[in-house]
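In the numbering used here, the protein residues as written are 27 to 335.
Worksheet: one structure, shown below.
Have a look at this one:
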């Protein structure tokens, strides 16, 4: 007791050592596993978001792959079994697109994009509340939940949509049916009584009626919306009014169909519209591409400097 009273320092050191041991045990047994689980969950959520983005852009990703990018295979290669040389070129192109989609996704998260597509970066909490109650927010959400538009550029893509989007319960109108080949494919999916083909040319309608007498065809102008409405309700509309037609004719027609007829799906065959949509970029996608171009230029400049040395 006299020694302990004279020397309190060893007792304090022992107490500190015991506390250090307890902290180490807590970090090793509790804190570190919890942190690892949190990191894995975040990585899984990020990878799943990238997978879903790439699926929307038409890619196939193997779920078992850890990075989710090295196993990319294009759908057209899987279905048509192209040659190995063509497949390798297509796969490399798809990987570039997917990496761009991942970068754009990171920029979307970085900029805090609202569900309606508005940028919320730099906004204060009360401004965000005002945006959620704004007309712009409601209008954009309504547009997202309204008619779905699918754009194709050739017969193969256009008729592929028949197999992917048409069910037996649909009522379908094909605008610009021509001789009725696609209309007959539609009738196979949902029945002859649920399909209507319209065209402005009396000659091609006569050929279509002669070729497919069980299907209903009418001579009608696609811009006469009141006449189209009198023919019945159609929840899905296929539009093929010359795939190379100018956009100033096609876009007002699509807008009128969406506003007046209000179908759940609009499938249109238009080369010019698809080319326009391929060039479209959101704000975060444009910024991601700009940063990628800047990094590429910097890497090229650094490589050139090394070669000169």
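Cβ atoms here follow ideal geometry from the backbone N, Cα and C, with glycine treated the same way.
Give the range of the beta strand (DSSP E) segment to which residue i is assigned.
| i | result |
| --- | --- |
| residue 262 | 262-265 |
| residue 200 | 198-201 |
| residue 219 | Note, residue 219: premise wrong, no beta strand (DSSP E); not H, not E. |
| residue 155 | Careful: residue 155 lies outside any beta strand (DSSP E), inside the alpha helix (DSSP H) at 151-158. |
| residue 244 | 242-245 |
Any idea which residues DSSP pairs residue i with across the strands?
| i | result |
| --- | --- |
| residue 294 | 177 and 265 |
| residue 287 | According to DSSP, residue 287 bridges with nothing at all. |
| residue 139 | 145 |
Would you grab the beta carbon distance between residue i and residue j for me? Rounded to a whole angstrom, and I think it's under 8 Å.
| i | j | result |
| --- | --- | --- |
| residue 26 | residue 277 | The structure shown does not extend to residue 26, since the chain is modelled only from 27 to 335, so the question has no answer here. |
| residue 234 | residue 206 | 3 Å |
| residue 241 | residue 275 | Going by Cβ atoms, the distance from residue 241 to residue 275 rounds to 27 Å, so no, they are not a contact pair. |
| residue 216 | residue 192 | 6 Å |
| residue 297 | residue 280 | Contact flag wrong, Cβ pair sits at about 15 Å. |
| residue 273 | residue 177 | Actually they are not in contact, since the Cβ atoms of residue 273 and residue 177 sit about 12 Å apart, beyond 8 Å. |
Along the chain, where does the alpha helix (DSSP H) containing residue i start, and where does it finish?
| i | result |
| --- | --- |
| residue 237 | 228-237 |
| residue 165 | 161-170 |
| residue 255 | 251-256 |
| residue 282 | 273-282 |
Using only alpha-carbon positions, find the residue among the options that is nearest to residue i.
| i | options | result |
| --- | --- | --- |
| residue 301 | 180, 169 and 48 | 180 |
| residue 286 | 258, 309, 163 and 325 | 258 |
| residue 149 | 143, 142 and 138 | 138 |
| residue 146 | 328, 317, 327 and 310 | 310 |
| residue 166 | 152, 241 and 144 | 144 |
| residue 170 | 284, 197 and 52 | 284 |
| residue 249 | 282, 308 and 195 | 282 |
| residue 239 | 313, 218, 315 and 252 | 218 |
| residue 140 | 308, 58 and 194 | 308 |
| residue 368 | 163, 43 and 196 | The chain is shown only over 27 to 335; residue 368 falls outside these bounds and no answer can be derived. |
For this session: Evaluate the contact criterion for the region 249-269 versus the region 191-208: three or more CB pairs, one atom per stretch, below 8 Å.
Result: yes
Exercise. Is the region 145-159 touching the region 184-192, taking contact as three or more C-beta pairs under 8 Å?
Worked result: no
Exercise. Any contact of the region 242-255 with the region 218-234, i.e. 3+ C-beta pairs under 8 Å?
Worked result: yes
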